[in-house]
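**Student:** Starting off with a structure, shown below.
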Amino acid sequence: MRSIVLLLLFVFVGHQAIAFPQEKIGKEELLVLPGEVGRAGGRLVVSLRGEPKTLNPLIAADARSREVIGVMQADLVHINRATQQTEPALAKSWKISPDGLSYTIVLRRGLKFSDGQPLDADDVLFTFRVYLDENVHAPQRDLLMVGGKPITVRKVDEHTVVFQLAKTYGVGERLFDGLAILPRHLLEKRYEEGKLGQIGSLATAADQWAGLGPFRLKEYVAGQRLVLERNPYYWKSDAQGGRLPYLDELVFLFVPNADAQVLKFQSGETDMISQVGAENFSVLSKQQHGYTMVDAGPGLEYNFLFFNLNDSIEKTSPDIQRKQKWFREVNFRQAVSAAVDREAIVRLVYQGRGAALWGLVAPGNRRWGNEKLPHPARSLDRARTLLKEAGFSWSNGPDGGSTLLDSDGKSVEFSILTSSTNADRAKMAALIQDDLKQLGMRVQVVPLESRSLLDRVTQSRDYDACIMGIASYDADANSDISVWLSSGGLHLWSPSQAHPATSWEAEIDRLIEEQMSARTFEQRKKLYDRAQEILAENQPMIFLASPNILAGAKNSIGNFHPAVLEPYVLWNVEQLYLKNGMENATR
Amino acid sequence: MRVRRTFAKWLVVLGVLHGMVVCAGFFAPYDPVEQDRQSPYLPPMRLHLLDAHGHLHVRPFVYALRLRESSFDQFEEDTTEPHPVKFFLRGARYRLLGFLPLRMHFFGGENTRIYLLGTDAYGRDQFSRLLFGGQVSLFAGLLGAGVTLFIGWSIGAVAGYYGGWRDSLLMRVAELFLALPWLYLLFALRAFLPLAVSPLEAFFLITAVLGAVGWARPARLVRGVVLSAKERDFVRAARGFGASNGYLLRRHILPETSSVLLTQAAILIPQYVLAEMTLSFLGLGVPEPVPSWGNLLSGLQQYSVLVSYWWMYLPALAMVPFFLGYLGLASSFEERGAVYKIESRIWGM
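As they're listed, the protein sequences go chains G and B. For the first sequence, the numbering used here begins at 1 and goes up steadily by one. For the second sequence, the numbering used here begins at 588 and goes up steadily by one.
If you want it as structure tokens, here you go:
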């Protein structure tokens, strides 16, 4: 009996909560999105490359968690993934002071979290306090340190906050993209107990979690799926005033491997697919029953080969130290770069759906590339000349093959690590192995599980060379900052240095930091161009190729416009809808 | 008589097949690791005798393949110019039997490359890779089976002949070996080894592992044979005349195990070839670019290869005659062994 009363109470409360905003809708300042007006209802199923680790933006480090958090949370200022420009989000407007040091942000009025609690300036203050708290160890903290000092936040009134920077910051308001505004009413108690890192597991009860994104938690089935439902309080509407998102439900299926994702999409179990490899893309393109595959063009992922240039670690074995003598030779790295057949990589690995790379800025990023950067064609002769200048020589083998010898007469042999789960990079490694064989280098390819690969590169540093890929999350120079700076964790050839090991690394550090505080785009671009040139001269990373962004969706999905920025297909999830009269046959 | 003939037949079949693999350099038109980057995933070329105009050619020829218009992976024959197949022509260097430097190849094309079984993702000739891959796979099988049989034979003979606690101990160890999950142990073992293993090291590692794994079964069989042989009248008689253990084993008991050993060998070799293929398929075998039959098939782990390039399955088919040969040999060994035993028993009376 009591349970029935409770149940009734819940139904009543729930009803109230939904009815509530209808009355006050006039007071809400909704963001009106242009574009095709869709139809409300239905559910969308997408696959996720494995289970996300957490829903908590404060501890999320893996791409899967970030993808899920992306549709459950919202930021003050957002970068439109299609135009790559900033646009207002939770902030109705913002103003940057003439000296570039203070940002005044005005929040939309009448907004609510997905559990119906109102949003105000205190939530914003709380959010940034948590991000900047050293004890929380939030990954966002580094982004909020400008000129070595944390950003300070001040409340002006219920809907206005001022951010104060210690130094001018070239990125401007892009800084706020991706910084989820957290619900103070749910987290404050946990924060004071120091337990923020422990909450937000996928098993969290749906009423214990809230965000400002288009969807909210509904159900989680371990090992199978995560079901999100429409956030009725979402703060965007379409051009006709219909409240977004259109979809009632968004389902993430956990599908651990790329081939299984393709099969699920092909059989209609999932409605969209993204991050498709070129070979699977052409398989899917061959027989498009009821779905369409889209090549969105070059993306921001760059794949590169790098050598172990870490120095003075006692742990490195004498064997690696001996090989590092070659790796430290600029001519050696230049020669390897000259010998790599990038054009073949694009053709054989990406089936032509990609672009050869000579620098860190991928062709999908049109504003920041340095056009003056040389694009030397493959030349074994130049590679041989470079090696000869550096004191290398060749000995002729009995079979007509030659072996490259260093100045001590030792043959040049090393191994290249690749991730065993990434077929594309394994293929690149096989091609490079053959390219370098023609210079007389004996290369072995070692496929390694990606976690232990990363551990070797960043922790134990026990490797010769490695092929990796990084996808910039934004088309701004600053998104790759931890690759550029010698103190950065993704400065892979020698990560997290206390002091720059070489003069050119010091010079890059200087240029990048200066670029960060430059005010105009032209100033920043000039500094960034110079940094790219230094990188090309020294070749610590030998850039290989960049794949196109390939995606697909059922024809019944409206507003499907894959972008070259993450999340490639879900960036406009609030506008996705199921077209009329084309209900999904699978359900 | 009939038994002997089928026996010889299987031997000849196996001899020819192994001969082709041993002389892979001669029969394969190209170097197995050479990449032809202009033609990845080229389908097998057809041998023609009739050209597009209906003329009959004495010498078989192929047409070059070109990409069909507006497609990335569909090929069609370019029938403008037939390319005759040349025999005994000079090509890439190789070493016959590992030491004889030669450049002569059995067949090839003069202005075009002939891909009888198509090419793989890097444009390497699948036919050449199949032959060279056989060297690794078959040799690993033979060597592994040899090591296994030797270990199994010694342990089985000691256990059977001496009996007592030695027998119990050895047989319990054998049971333990039968019960271990080998594949998972191999994964663990691979994790302990240094990262980069050269192809030769990898090869010997595989053979050693294969050899060490399977000795329990032959050991049990040999022990059974030894147990029954040592109780035979002529063995007892010889012992009565003062023959030593060594003499008895050498002269009277171990010869009895020969038919069991031969049959076991014929069964174990294909099994071990298959085991090597499994390891290579899973990436635990010889590393790229060295071909082995398992490596050739490992591309099939990718869905896109599975549905797009049917010729990548062909290496799997090529193993069938080898296995058939060995299993045929095993069954004729068995028959021969049975006949021999009956004959000897009658003769002995």
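Backbone N, C-alpha and C define an ideal beta-carbon position, used for all residues, glycine too.
Under the assumption that Ser593 (chain G) contacts Leu578 (chain G) (Cβ atoms under 8 Å), give the Cβ distance between them as a whole number of angstroms.
**Tutor:** Outside the modelled stretch of chain G, which goes from 1 to 587, sits residue 593 (chain G), for which no answer is possible.
**Student:** Name the chain B residues whose beta carbon is nearer than 7 Å to that of Lys427 (chain G)?
**Tutor:** Within the first sequence, residue 427 (chain G) is the residue found at index 427, counting from 1. Within chain B, the residues near Lys427 (chain G) are Ala708.
**Student:** Keeping to the same chain, check which residues put their C-beta closer than 6 Å to that of Val68 (chain G); ignore five residues upstream and five downstream.
**Tutor:** Start at 1 with the first residue of the first sequence, and residue 68 (chain G) comes out as number 68. The residues are Pro52.
**Student:** On a Cα-Cα basis, can you pick out the residue from G:Gln532, G:Ala430, G:Asn308 that is closest to Leu492 (chain G)?
**Tutor:** Counted from its first residue, the first sequence places residue 492 (chain G) at position 492. Comparing Cα positions, the closest option is G:Asn308.
**Student:** Would you decide whether Leu756 (chain B) is buried or exposed? Buried here means 16 or more other CB atoms lie within 10 Å of its CB.
**Tutor:** One-based indexing of the second sequence puts residue 756 (chain B) at position 169. Exposed, since its Cβ has fewer than 16 Cβ neighbours within 10 Å.
**Student:** For Arg653 (chain B), name the three-state secondary structure that DSSP assigns.
**Tutor:** Indexing the second sequence from 1 puts residue 653 (chain B) at position 66. Arg653 (chain B) falls in the strand class under three-state DSSP.
**Student:** Taking Leu348 (chain G) as the reference, which of B:Tyr900, B:Leu765, B:Arg711 has the closest Cα?
**Tutor:** Sequence index remark: in the first sequence, residue 348 (chain G) carries index 348 (1-based). The option with the nearest alpha carbon to Leu348 (chain G) is B:Arg711.
**Student:** Terminal residues of the continuous alpha helix (DSSP H) containing Gln324 (chain G)?
**Tutor:** Sequence index remark: in the first sequence, residue 324 (chain G) carries index 324 (1-based). First-last of the alpha helix (DSSP H) with Gln324 (chain G): 318 to 327.
**Student:** Between the C-alpha atoms of Ser237 (chain G) and Glu574 (chain G), what's the straight-line distance to the nearest angstrom?
**Tutor:** Sequence index remark: in the first sequence, residue 237 (chain G) carries index 237 (1-based). Sequence index remark: in the first sequence, residue 574 (chain G) carries index 574 (1-based). If you take the alpha carbons of Ser237 (chain G) and Glu574 (chain G), they lie about 9 Å apart.
**Student:** For Asp462 (chain G) and Ile320 (chain G), which I take to be in contact (beta-carbon distance under 8 Å), what is that distance rounded to the nearest angstrom?
**Tutor:** Translated into the one-based positions of the first sequence, residue 462 (chain G) becomes position 462. Translated into the one-based positions of the first sequence, residue 320 (chain G) becomes position 320. About 7 Å; that satisfies the 8 Å criterion.
**Student:** Apart from the five residues on each side of it in sequence, which residues of its chain come closer than 6 Å, Cβ to Cβ, to Gln84 (chain G)?
**Tutor:** Here residue 84 (chain G) corresponds to residue number 84 of the first sequence, with the count starting at 1. Ala475, listed in sequence order.
**Student:** Return the residue from the list B:Ser715, B:His635, B:Ala917 that minimises the CA-CA distance to Ala853 (chain B).
**Tutor:** Position 266 of the second sequence holds residue 853 (chain B). Taking only the C-alpha atoms, the option nearest Ala853 (chain B) is B:Ala917.
**Student:** Using the Cα positions of Glu507 (chain G) and Arg378 (chain G), report the straight-line distance between them to the nearest angstrom.
**Tutor:** Sequence index remark: in the first sequence, residue 507 (chain G) carries index 507 (1-based). Sequence index remark: in the first sequence, residue 378 (chain G) carries index 378 (1-based). About 28 Å.
**Student:** Using only the alpha-carbon positions, how far apart do Gly469 (chain G) and Leu676 (chain B) sit?
**Tutor:** One-based indexing of the first sequence puts residue 469 (chain G) at position 469. One-based indexing of the second sequence puts residue 676 (chain B) at position 89. Spanning the two alpha carbons is a distance of roughly 45 Å.
**Student:** Whose C-beta lies closer than 6 Å to the C-beta of Arg837 (chain B) among residues of the same chain, with five residues either side of it excluded?
**Tutor:** As a first step, residue 837 (chain B) is located in the second sequence; it is residue number 250 there, counting from the start. So no residue of the chain qualifies.
**Student:** Rounding to the nearest angstrom, what Cα-Cα distance links Thr204 (chain G) and Pro139 (chain G) in this structure?
**Tutor:** As a position in the first sequence, residue 204 (chain G) is number 204, starting the count at 1. As a position in the first sequence, residue 139 (chain G) is number 139, starting the count at 1. One C-alpha to the other measures close to 22 Å.
**Student:** If you pair each beta-carbon of the segment 205 to 223 of chain G with each one of the segment 167 to 183 of chain G, do three or more pairs fall below 8 Å?
**Tutor:** Result yes; three or more Cβ-Cβ pairs closer than 8 Å.
**Student:** Write down every uninterrupted run of the alpha helix (DSSP H) in the segment 877 to 931 of chain B whose length is 4 residues or greater and which is fully enclosed by it, in chain order.
**Tutor:** With a minimum length of 4 residues, the continuous alpha helix (DSSP H) runs that stay inside the segment 877 to 931 of chain B are 880 to 885, 890 to 895.
**Student:** Using a 10 Å radius around the Cβ and a threshold of 16 neighbouring Cβ atoms, would you call Leu601 (chain B) buried or exposed?
**Tutor:** For the purposes of this step, residue 601 (chain B) is identified with residue 14 of the second sequence, where counting begins at 1. Classification for Leu601 (chain B): buried.
**Student:** My assumption, with CB atoms under 8 Å, is that Pro567 (chain G) sits in contact with Gly70 (chain G). Please give the rounded CB distance.
**Tutor:** Counting from 1 along the first sequence, the entry for residue 567 (chain G) is found at position 567. Counting from 1 along the first sequence, the entry for residue 70 (chain G) is found at position 70. So it is a contact: roughly 6 Å between Cβ atoms.
**Student:** Just the C-alpha distance for Leu175 (chain G) and Ile534 (chain G), rounded to the nearest angstrom, thanks.
**Tutor:** Sequence index remark: in the first sequence, residue 175 (chain G) carries index 175 (1-based). Sequence index remark: in the first sequence, residue 534 (chain G) carries index 534 (1-based). Straight-line Cα distance between these residues: approximately 26 Å.
**Student:** Identify, in the order they occur along the chain, each residue of the same chain with its Cβ nearer than 6 Å to the Cβ of Gln164 (chain G), setting aside the five sequence neighbours on each side.
**Tutor:** As a position in the first sequence, residue 164 (chain G) is number 164, starting the count at 1. For Gln164 (chain G), where only same-chain residues beyond five positions count, the Cβ hits under 6 Å are Ser102, Thr152.
**Student:** Using alpha carbons as the reference points, say which of G:Phe254, G:Ala551, G:Ser285, G:Thr418 lies closest to Leu202 (chain G).
**Tutor:** Within the first sequence, numbered from 1, the residue matching residue 202 (chain G) stands at position 202. Comparing Cα-Cα distances from Leu202 (chain G) to each of G:Phe254, G:Ala551, G:Ser285, G:Thr418, the minimum goes to G:Phe254.
**Student:** Do you know offhand how far Val171 (chain G)'s Cα is from Arg519 (chain G)'s?
**Tutor:** By one-based count along the first sequence, residue 171 (chain G) stands at place 171. By one-based count along the first sequence, residue 519 (chain G) stands at place 519. Using only the alpha carbons, I get a separation of about 9 Å.
**Student:** What does Leu782 (chain B) touch in chain G if you count any residue whose Cβ is under 7 Å from its own?
**Tutor:** The count along the second sequence starts at 1 and reaches residue 782 (chain B) at position 195. Here the neighbours are Ser415, Val446.
**Student:** Starting from Thr385 (chain G), trace the alpha helix (DSSP H) both ways and give me its first and last residue.
**Tutor:** To locate residue 385 (chain G), count along the first sequence from 1; it is residue 385. Its alpha helix (DSSP H) spans residues 380 to 389.
**Student:** Can you give the beta carbon distance from Ser845 (chain B) to Thr593 (chain B), rounded, assuming they're within the 8 Å contact cut?
**Tutor:** As a position in the second sequence, residue 845 (chain B) is number 258, starting the count at 1. As a position in the second sequence, residue 593 (chain B) is number 6, starting the count at 1. The Cβ separation is near 19 Å, so there is no contact.
**Student:** Are any of the Cβ atoms in chain B nearer than 8 Å to that of Val346 (chain G)?
**Tutor:** Stepping through the first sequence from its first residue, residue 346 (chain G) is reached at position 346. With 8 Å as the cut-off, Val346 (chain G) does not count as an interface residue toward chain B.
**Student:** Tell me which residue opens and which closes the alpha helix (DSSP H) that Phe126 (chain G) is part of.
**Tutor:** For the purposes of this step, residue 126 (chain G) is taken as residue 126 along the first sequence, with counting starting at 1. Its alpha helix (DSSP H) spans residues 121 to 132.
**Student:** Using beta-carbon positions only, say whether Thr735 (chain B) and Gly798 (chain B) come within less than 8 Å of one another.
**Tutor:** Position 148 of the second sequence, counted from the first residue, corresponds to residue 735 (chain B). Position 211 of the second sequence, counted from the first residue, corresponds to residue 798 (chain B). Yes; because the gap between Cβ atoms is below 8 Å, this pair is in contact.
**Student:** Counting only runs that start and end within the segment 187 to 253 of chain G, where is the alpha helix (DSSP H) found for 4 or more residues in a row?
**Tutor:** You should have found no qualifying run.
**Student:** Kindly indicate which residue of G:Lys372, G:Thr418, G:Gly352 has the alpha-carbon position closest to the one of Val361 (chain G).
**Tutor:** As a working note, residue 361 (chain G) is residue 361 in the first sequence. Val361 (chain G) has its Cα closest to that of G:Lys372, out of G:Lys372, G:Thr418, G:Gly352.
**Student:** Determine the closest residue to Gly739 (chain B) out of B:Leu654, B:Arg804, B:Thr850, B:Ala766, with distance taken between C-alpha atoms.
**Tutor:** On the second sequence, position 152 is the one that residue 739 (chain B) refers to. The option with the nearest alpha carbon to Gly739 (chain B) is B:Arg804.
**Student:** What's the gap between the Cα of Asp406 (chain G) and the Cα of Gly733 (chain B)?
**Tutor:** Within the first sequence, the letter at position 406 stands for residue 406 (chain G). Within the second sequence, the letter at position 146 stands for residue 733 (chain B). If you take the alpha carbons of Asp406 (chain G) and Gly733 (chain B), they lie about 42 Å apart.
**Student:** Please state whether the Cβ-Cβ distance between Asp177 (chain G) and Ile79 (chain G) is less than 8 Å.
**Tutor:** For this step, residue 177 (chain G) is matched to residue 177 along the first sequence. For this step, residue 79 (chain G) is matched to residue 79 along the first sequence. Going by C-beta atoms, Asp177 (chain G) is nearer than 8 Å to Ile79 (chain G).
**Student:** From the DSSP output, which residues share a beta bridge with Trp394 (chain G)?
**Tutor:** Taking the first sequence and counting its residues from 1, the one referred to as residue 394 (chain G) is at position 394. DSSP lists G:Leu404 as partners of Trp394 (chain G).
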